[in-house]
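S.K.:
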Amino acid sequence: LHPPFDGVYTIGQLWGENSAFYARYSYDGVPLLGHNGVDFSTPVGVALRAVDDGVVLRADFEAGGFGNFVLLGHSWGESIYAHLSAFEVSVGQTVTRGQLIGRSGNTGASTGPHLHFAIRIHPYTRGDGWGGFSDPLPYLPPTAYRLPPYILDPSPAFAMASAAPEDAFVRLAPSGMGAAPSHERP
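At position 102 of the sequence shown the residue is numbered 271 (the working numbering), and the sequence of numbers has no breaks.
1. Looking at the unbroken beta strand (DSSP E) that takes in residue 120, where does it start and where does it end?
2. Of all the options 233, 214 and 228, which has the alpha carbon lying nearest to the alpha carbon of residue 284?
3. Is it buried or exposed for residue 320, if we count other Cβ within 10 angstroms and need 16 for buried?
4. Per the DSSP calculation, residue 263 is bridged to which residue(s)?
5. Any contact between the stretch 219-231 and the stretch 263-271? By contact I mean 3 or more CB pairs, one from each, below 8 Å.
6. Sort 212, 295, 193 and 211 by Cα distance to residue 203 and report the nearest one.
7. By the three-class DSSP mapping on this structure, what secondary structure does residue 202 have?
8. How big is the Cα-Cα spacing for residue 306 and residue 245?
9. Would you decide whether residue 255 is buried or exposed? Buried here means 16 or more other CB atoms lie within 10 Å of its CB.
10. Using three-state DSSP, classify residue 250 as helix, strand or coil.
11. What is the residue span of the alpha helix (DSSP H) that residue 178 lies within?
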């Protein structure tokens, strides 16, 4: 897949993390097993790109959850880009791999500017504990992102942010999914 953004960004939250936090949210009545996407620590305004050719299924707002998000349909499944500051596409529009679709932001239930990105691969089941989503990292070029420091050196994983130097990595807290009924969640 094409990277979902221009540039190289550090991952703020990996797939599957924070299972206790995300268990309070569900898709079709099934609690989540953990974070069902990957959060990239993008500042507001980064150009976001379609990871593959497809069509815009939704360009919408989910209050308290994904905020502004774009959901693309592809021959192999779907890709979702959440917490956007701006849309650059509209529903029904055909997109090509690498095309600008929006700008990163901090909308919805977000603890700081970032891109929440995930994919669904056909066939998928929304009630699988992940909302039908799959970990996108195996499908992205490893040169497009940096692993979080707590993966590379796990010793400071839970250090207090206030004790960290100003230029230190600050781990994103989990973002909420909002109060939307689980059957309406994208």
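Ideal Cβ positions, reconstructed from N, Cα and C, are used throughout, including at glycine.
M.R.: Working from what's here:
1. The structure shown does not extend to residue 120, since the chain is modelled only from 170 to 355, so the question has no answer here.
2. 214
3. exposed
4. 224
5. yes
6. 193
7. coil
8. 16 Å
9. exposed
10. strand
11. Element bounds for residue 178: not the alpha helix (DSSP H) but the beta strand (DSSP E), 178-182.
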